[in-house]
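Chains as they are written, first to last, in my numbering: chain A, 352 to 818; chain B, 151 to 674.
We put the beta carbon where it would ideally sit given N, CA and C, even for glycine.
This one's a predicted model, so the numbers in the text were calculated from it and none came from an experiment.
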Amino acid sequence: MNIPLPYLTPVVPELILSLVASGLLLVELFTRRKALMGYVSLATAGLTLYVLPMSQGETFGGMFISDNYSTYFKLIFLINVILIVLVSLKYMAKTDTDYGEYYSLVLFSTVGMMLMASAKNLIVLYLGLELMALSTYILTGINRHDVKSNEAALKYFLLGAFSSALLLFGMSLLYGITASTDIYQIASFLKVGEVTPVLLVSIIFVIVAFAFKIAAAPFHMWAPDVYEGAPTAVAAFLSVGPKAAGFAVIGRVFYIAFGSVQTDWTAVFIGISILTMAVGNILAIVQVNIKRMLAYSSIAHAGYALLGVIAGTSEGLSAMMVYLLIYAFMNIGAFAIVILLDNGEEISQYAGLAKSHPVAAAMMLVFMFSLTGIPPTAGFIGKFNLFVAVVHAGYTWLVIIAVLFSVISAFYYLRVIMNMYMRPATHEASITSSPSLWLALIVTVVAVLAIGILPSIVLTGSSLCWQ
Amino acid sequence: MRSLLWLPALGLALFLGFLATGRVKYPVLSIVIFLPIAGALLLLLLKREHERLTKISALVLSTAVFLLCLPLYVDFDKSTPYMQFVEKHAWIPAFNINYAVGIDGISVLFVLLSALLTILCVAVSWNAINDKVKEFYASLLLLEGSMIGVFSSIDLFLFYIFWEAMLIPMFIIIGVWGGPNRIYAAIKFFLFTLIGSLLMLIGIIVLFFYTGHSFDMPRMMTSSYPYNLQVILFWAFFSAFAVKVPMVPVHTWLPDAHTEAPTAGSVILAGILIKMGAYGFLRINMPFFPEATKAMAPAMMVLSVIAIIYGAVICLGQTDFKRLIAYSSVSHMGFVTLGIFALNVQGIQGGILQMINHGIVTGALFLCVGIVYERTHTRLITDYGGAATPLPVYAGLFMIFTLASMGLPGTNGFVGEFLILVGGFTASKMLGTLAATGIILGAAYMLRLYQNVFFVGINPRLMGMPDVNEREILTLAPLVILVFWIGFYPNAFLGFMDASVQHLIERVSTTVPQLSQQSGGMMR
C-alpha cells in the first residue's frame, strides 16, 4: 500500500508550530529553566512569521487553504504569540506559574487559530476551534493554586463546551441540507436552493457559537469572569487571539458559505453588534477591576469589529481585519502595563502612577487614548477605516450609534488616565520590570503611534487580502 | 528673569535681519506646526530637576515659533482670496488623503494669535506651575502645534486629526494643573467636545464619498451638494463647532473648564480653542454648504442673540472672578456667531476681528486674574475690594482690558462689536437691537466687577501685596499694544481678510437663485 505524502507547503507554519509545541512538552521534563522554553517559542514564532508568506496554496483535498486572507489573520496570531511570550517571561515566574507546558499550550492554541483561519471545510474548522479552545481552557486555569483561576477555567470550559455543541448542531443541520461540509460547495448549493427554516436555524446556531468565541453580547457573560480569574498574561492572550480567530471564521463562513443569504444574517449581526457595543461600553463604566474593565472593553471592541462584517463588502472585511490587528497592539499593550505593576488589578491603584513611574503612565495614556479612538493613535485609524467602509455600505445610522457608544467608552478609559495623572498616590506603586516586558511595551507603543501617524503601513496591505 | 530677556531679543534681531536681507524661504506652516510638537517631545526627555532649563527652552521655543510665523504677516498677499503658503504631500493614498496646509485671509490672524498667546502662557506660568513642570510645558507646546495645525489644514482629514489631537493636551492641562474641581471639569470638557467631534467625523466621511473620494477642502469649497445632504451635513458639523464656540445650550462645559483650568489653560481656551468653533463655521459650513447656511442663518442668529443676552445676564450674578469672565465669553462669542451668520461683509469681518479681539482681551483678563490669584489664591470677587490701593499699576492695566471688553471706542472691542452690529442690523433689525442690549449688560457686569475688585471697601489681606513685576508687565504689554492698535487702526487687520471674506460672501450669495429653485423643488 502506498500512501502519498500530501502537499505540505501550505501547512508549513502550522507544522513548525505543532512540532515545536510537542517538542517543548518533552523538553519540559528535563529542564528547570522554564524561561528557555519561552525563548524557543519566540524563535519559533519568528521563524513561522518568516515562512508565512511562502506558504500559499490548498491542500488535504481542498480542506485547507492558505490565502492572503488567512495569512493576514495568521500574522495577527503570531504577533499575539510573540507579544504574549514577551510579557509572560517574567510574569509567570513572578506568580509561581512558570510551568513548561504554558508555552506549549500557547503554541498549540495558536495552531488551532491558524487552522480556523485556513479552514475551507467545516470539519477542519471544528478541529481548529477545539484545539484552540481546549488549550485556552487549560491556560485559564494554569494557576493551579488560585481558586479564582480554577473557577474561571471551569466556567470557560462549561460555557465553551456548550457553544461547541451548538456549533456542531448547526453544522450538522447544514450538512443535512447541503450534503457537504465544504464551504464552497455549501455556498454553491445555497445559491440555487431556497431559504428554509432549517437553514435559518442552522445559521442562528453557527452565529451563536461564534458570538460566544468573540465575546459578543448576549453571549459575553464568560469574558469578565475569565479575564479576571485568568493570569493577566493569559487574559491578554484570550482578548486578542481567540477573538481574531472567531472573526476569521465569521468572515469566511458567512461571506462565502452563507453569501447568498446575506440579508438574513446581516440583520442578526446588526442586532448583536448594537447590543454588544451597549453592554460592553455601559457595563465597563462601573468596573473597579481593570481586568474586568478591559474585558468589557474587549466586548465593546468586538461590537465595533462586527460592523465591518455587517458592511458586507470586501472593504468592510478588510477594515475589520485592520481593526483586529490594531486592537492586538493596543490591548496587549494595556494588559502589559497591568502586568508591569505589582498591584495593578484595581483601577484605584493607578492613582499617582504618573508621578512614581512616568514612562509607564505615559504608555498607558497612549493605550487608553488609542482604545478610545483619539488621533493620532492607531485606534483612531482603525475606527476611521471601519466607519468609512460601513458608511460606504449604506449603514450611516449604525455608525452614529457606534460613535455614541465611543463617547461612553471615553469615560471609562479616561478614568484610568485620571487616576494616573490627576489623583494623588494612595500607596507606593511598585513595578517588576524585565527587558522582555519593556520590549513588548516599546513594540506596542511604537506600533500604536506609528500606525496612528502613518496609517499606510496597515492600510495598503489589507485591501489586497480579500478577493 | 531679566538676564533671560536677551535670548528672545537676540533671536528677534537675527530673524528680522534675515527678513530684511534675503527673505528666507522655508515651509513656514509645517515648521510652525511641527517645531512645537518636536520641542514638546524634547522637553519630555529633559531631566526632572532641570526646571529652569525646561522653562527657558519652552520660552525660547515658543518665541522662535512666533518669529518663524512672521513671514505669514509680512509676505501675505492680501489681494487673493485663495490659499497661500500651500504645502501638499501624499499621506494616506488608500483614502486619497494628503498632508495639505495653507492659509488664507480667514485663518492667517489665528495662526499668529496662537503663536503669540502661547508665549504669554509660558511667561505667565513661570512661577505658577511648580508640579510636573516639563509635562506642563510639553502639553502647552503640543497644544500650540495642534492649534496651528487646525487653522492651517486644508485637508479635511488632517483638520480632524489636529482638531481631536488637541483634546489630549488640553484635557491633561485642565485635569492635572487645574483647581479643586478639575477632574470633573476636564472630563466634562472632553466628553462634550468628543461627542460633537465624532458626529462631525461621520459628516466628514459622508462628505468624502460625495466629493469623489477626496478630502480636499478647496475642492469642497467649490463643489455643490444636494440641498438635503447639505442640511444634514450642516448639522453634523454644527454639532462639533457649536460645542466648541460654545453656543447655548451646549455651553455648560465652558464655565467649568475655564474656571478650573490653570491660568495658561484658561487663556488658551478663551483665546484660541473656542475660536475654532466659529472658525469651523467660516471654513467649512459656509463655503461647503452655502444653501443650507443661507437657510439656517436665521436660526443661528437667534441662537446667537440668546447666547449674548443669557451669557450677560448670568454674568451679573457671578461671585467667582473666573466664572464671570467665562460666562462673558459665552456672551461675546454670541456676538461673533451673530456677525458670521448675518452673512454680509461687515458681519463676517466684524466676527473674525471680534474673535481676535476676544482672544486678546479675554486672554488678557485671564492673565490678570492669574496674576492676583498667584498672590491671594482665591477667585471670589468678595475676597478682593480696594485692590487699587496696593496694586495701582495692575488696576490701570485691568482697566484697559475692562474697557476693551465693554467695547469702548478707541479700543479693539469697539471696532469688532460695531461691525457686527452693523451686519446684524442689516440682516435683521430686531435681532440687531436685541444684541445691542448685550453691550449695555456687558458694561454693567464688567464695571460692577471692576468696582468690587478695585474700589469698594479695603480688604486688609491685600495690603502690602506687591504690584505687578516686570515679567507680568511684559506679559501684558503686547496685548495692551494690540488693544489700541486694532482700536485705532483696524485696517491693519481687516485688510488681511477683505479678499477672502468677499469671496466667501460671493460663494454664499451667488447660490441664492439656486436655493429658491432647488429647495423649492425639494420641499415639494
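For a test of your reading of the model: does the CB of residue i fall under 7 Å from any non-hydrogen atom of the ligand GDP? Yes or no.
| i | result |
| --- | --- |
| B:Tyr429 | For the structure depicted, the ligand GDP is absent and the ligand set is empty, with no information on it obtainable. |
Using 10 angstroms around the beta-carbon of residue i, count the other beta-carbons present and answer buried if the total reaches 16, otherwise exposed.
| i | result |
| --- | --- |
| A:Ile808 | exposed |
| B:Asn280 | exposed |
| A:Arg320 | Nothing can be reported for residue 320 of chain A, as the shown portion of chain A is limited to 352 through 818. |
| B:His401 | buried |
| A:Pro355 | exposed |
| A:Ser421 | buried |
| B:Trp403 | buried |
| B:His508 | buried |
| A:Trp748 | exposed |
| A:Tyr454 | buried |
| B:Arg674 | Any reading at B:Arg674 must be qualified, since the residue scores a pLDDT of 31, below 50, and its modelled position is unreliable; no value is offered. |
| A:Ile661 | buried |
| A:Gly527 | exposed |
| A:Phe756 | buried |
| A:Thr795 | buried |
| A:Trp817 | Per-residue confidence for A:Trp817 stands at a pLDDT of 44, beneath the threshold of 50, marking its modelled position as unreliable; no derived number is given. |
Using a Cβ-Cβ cut-off of 8 Å, state whether residue i counts as contacting chain A.
| i | result |
| --- | --- |
| B:Met672 | The predicted model places B:Met672 with a pLDDT of 37, which falls under 50 and marks its position as unreliable; any figure quoted below should be read in that light. Not an interface residue. |
| B:Ala315 | yes |
| B:Leu349 | yes |
| B:Ile298 | no |
| B:Gln244 | The question names Gln, but residue 244 of chain B in the sequence shown is Ala. Output row for B:Ala244: interface = yes. |
| B:Leu341 | yes |
| B:Val116 | This structure cannot settle anything about residue 116 of chain B, because the visible part of chain B is limited to 151 through 674. |
| B:Val236 | no |
| B:Ile352 | yes |
| B:Ile510 | no |
Less than 8 Å between the C-beta atoms of residue i and residue j, yes or no?
| i | j | result |
| --- | --- | --- |
| B:Gly501 | B:Val486 | yes |
| A:Ala394 | A:Ala596 | no |
| B:Phe359 | B:Asn246 | no |
| A:Ile768 | A:Met719 | yes |
| A:Met681 | A:Ser707 | no |
| A:Val475 | A:Met414 | yes |
| A:Thr410 | A:Leu429 | no |
| A:Phe556 | A:Leu509 | no |
| B:Ala585 | B:Val455 | yes |
| B:Leu581 | B:Gly592 | no |
| B:Leu488 | B:Ile458 | yes |
| B:Gly563 | B:Val511 | yes |
| A:Thr723 | A:Ala761 | yes |
Pull up the CB-CB distance for residue i and residue j, whole angstroms please, since I reckon it's below 8 Å.
| i | j | result |
| --- | --- | --- |
| A:Val750 | B:Ile352 | 6 Å |
| A:Ser460 | A:Gly389 | Rounded, the Cβ-Cβ distance is 16 Å, inconsistent with contact. |
| B:Thr204 | B:Val272 | Contact flag wrong, Cβ pair sits at about 10 Å. |
| B:Ala414 | B:Leu290 | 6 Å |
Between residue i and chain B, is the shortest Cβ-Cβ distance under 8 Å, so that the two count as touching?
| i | result |
| --- | --- |
| A:Thr795 | no |
| A:His743 | yes |
| A:Pro727 | yes |
| A:Pro806 | yes |
| A:Ser757 | yes |
| A:Thr422 | no |
| A:Leu815 | Confidence is the limiting factor: at A:Leu815 the pLDDT is only 49, short of 50, which leaves the residue's position unreliable, though a coordinate-based value still follows. It does not; no Cβ of chain B falls within 8 Å. |
| A:Phe718 | no |
| A:Val639 | no |
| A:Thr777 | no |
| A:Leu765 | yes |
| A:Val739 | yes |
Pair every Cβ in the region 637–657 of chain A with every Cβ in the region 705–716 of chain A, then say whether three or more of these pairs are closer than 8 Å.
By the criterion of at least three beta-carbon pairs nearer than 8 Å, the region 637–657 of chain A is not in contact with the region 705–716 of chain A.
Is the region 211–230 of chain B in contact with the region 258–269 of chain B, if contact means three or more CB pairs nearer than 8 Å?
Per the Cβ contact rule, the region 211–230 of chain B is in contact with the region 258–269 of chain B (3 or more Cβ pairs under 8 Å).
Should the region 520–533 of chain B be regarded as contacting the region 639–652 of chain B, the criterion being three or more beta carbon pairs within less than 8 Å?
With a cut-off of 8 Å, the region 639–652 of chain B and the region 520–533 of chain B do not count as touching, because too few Cβ pairs lie within range.
On the three-pair Cβ rule with 8 Å, is the region 271–285 of chain B touching the region 232–245 of chain B?
With fewer than three CB-CB distances shorter than 8 Å, the region 271–285 of chain B does not count as touching the region 232–245 of chain B.
Pairs of beta-carbons, one from the region 696–707 of chain A and one from the region 731–744 of chain A, closer than 8 Å: are there three or more?
Not touching, per the Cβ criterion.
Can you confirm whether the region 544–556 of chain A touches the region 606–619 of chain A when touching is taken to mean that 3 or more C-beta pairs between the two stretches lie within less than 8 Å?
Contact holds between the region 606–619 of chain A and the region 544–556 of chain A, because three or more Cβ pairs, one in each stretch, are under 8 Å apart.
Quick check: the region 530–550 of chain B against the region 594–604 of chain B, are at least 3 beta-carbon pairs closer than 8 Å?
Three or more pairs of CB atoms, one per stretch, sit closer than 8 Å, so the region 594–604 of chain B contacts the region 530–550 of chain B.
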